[in-house]
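Position 225, counted from 1, in the sequence shown is what this note's numbering calls 225; the numbers after and before it change by one each time, with no gaps.
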Amino acid sequence: AQDLCKVAGIAKVLVAQHDVYRGLLPEELTPLILATQKQFNYTHICAGASAFGKNLLPRVAAKLEVAPISDIIAIKSPDTFVRTIYAGNALCTVKCDEKVKVFSVRGTSFEAAATSGGSASSEKASSTSPVEISEWLDQKLTKSDRPELTGAKVVVSGVETEFLHVGQAGLEILTLGDPPTSASQSVGITGRGLKSGENFKLLYDLADQLHAAVGASRAAVDAGFVPNDMQVGQTGKIV
């Protein structure tokens, strides 16, 4: 909250605290967002196109009886947005006439806001009554020294083959921009062609040489080779 107050353009930061908000369950956060929107008459509600945003915003939109817009990559005006369609092969410009615009944002399409130049006030938001239809129990995070998948500019893609050796597995290097200069600019993705989780070491070694992150296809995740937070694609992380 303190960092948000420093971002230029933000007038007020509302902070809601309650035990039921642990785990950020959408069942508990939705009533809070609806009550806050009604109190301040907000016209736009947005979140990142992450697991959190994809879990929460459709519920909020349904309660408001508006159509949400997912995964926008540009904002043309207060009611006009650009998003990808056909698995990213085309761009679609959407004009939203809903009274409240609810949309998720692809974070990699926008520059990070500088935490300087702003002086917003921070206020406590009134908590809503607990819904208690779900309970947050635990969260397990995968820790890695490699860069985050969603910030990559170079993709090392593993073709779905039965070969085991890197030289034969159809590994392709797709350059999306300038060559990588740091550990946050490239990503490696592979699939079930590696046959097992142990063989992913081949890709890990290659990724380390390229300063790359490591991702996986849905087939590799479904096969149990790697955890699902490494999945890249329409049902995983966008790179």
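Ideal Cβ placement from N, Cα and C applies to all residues, glycine included.
None of these values were measured; they are calculated from a predicted model.
Check                                                                                                                                          : Outcome
Cutting at 7 angstroms between CB atoms, please list the residues of its own chain near ALA1, excluding the five before and the five after it. : VAL13, VAL15, SER122
Just reading off the beta strand (DSSP E) that PHE103 is part of, what are its end residues?                                                   : 101 to 105
Under 9 angstroms between C-beta atoms, does LYS63 make it to chain C?                                                                         : The structure shown contains no chain C; it is built from a single protein chain.
Would DSSP call ILE33 helix, strand or coil?                                                                                                   : helix
So, do the region 112 to 130 and the region 72 to 81 have three or more beta carbon pairs nearer to each other than 8 angstroms?               : no
Thinking C-beta only, is ARG106 closer than 9 angstroms to ILE73?                                                                              : yes
With DSSP run on the structure shown, which of helix, strand or coil describes ARG83?                                                          : strand
DSSP puts LEU4 in a beta bridge; with which residues?                                                                                          : The partner list for LEU4 (beta bridge, DSSP) is empty, contrary to what the question assumes.
Could you pull the start and end residues of the alpha helix (DSSP H) that ALA49 belongs to?                                                   : Neither: ALA49 is in no alpha helix (DSSP H) and is coded neither H nor E.
Hey, is the region 85 to 104 in contact with the region 119 to 139, meaning 3+ C-beta pairs nearer than 8 angstroms?                           : no
What does the alpha-carbon distance come out to for the pair PRO31 and PRO58?                                                                  : 13 angstroms
Is it true that the CB of VAL94 sits closer than 9 angstroms to the CB of VAL102?                                                              : no
Please name the residue, chosen from ILE45, LYS38, PHE52, that lies closest to ARG22 on a Cα-to-Cα basis.                                      : PHE52
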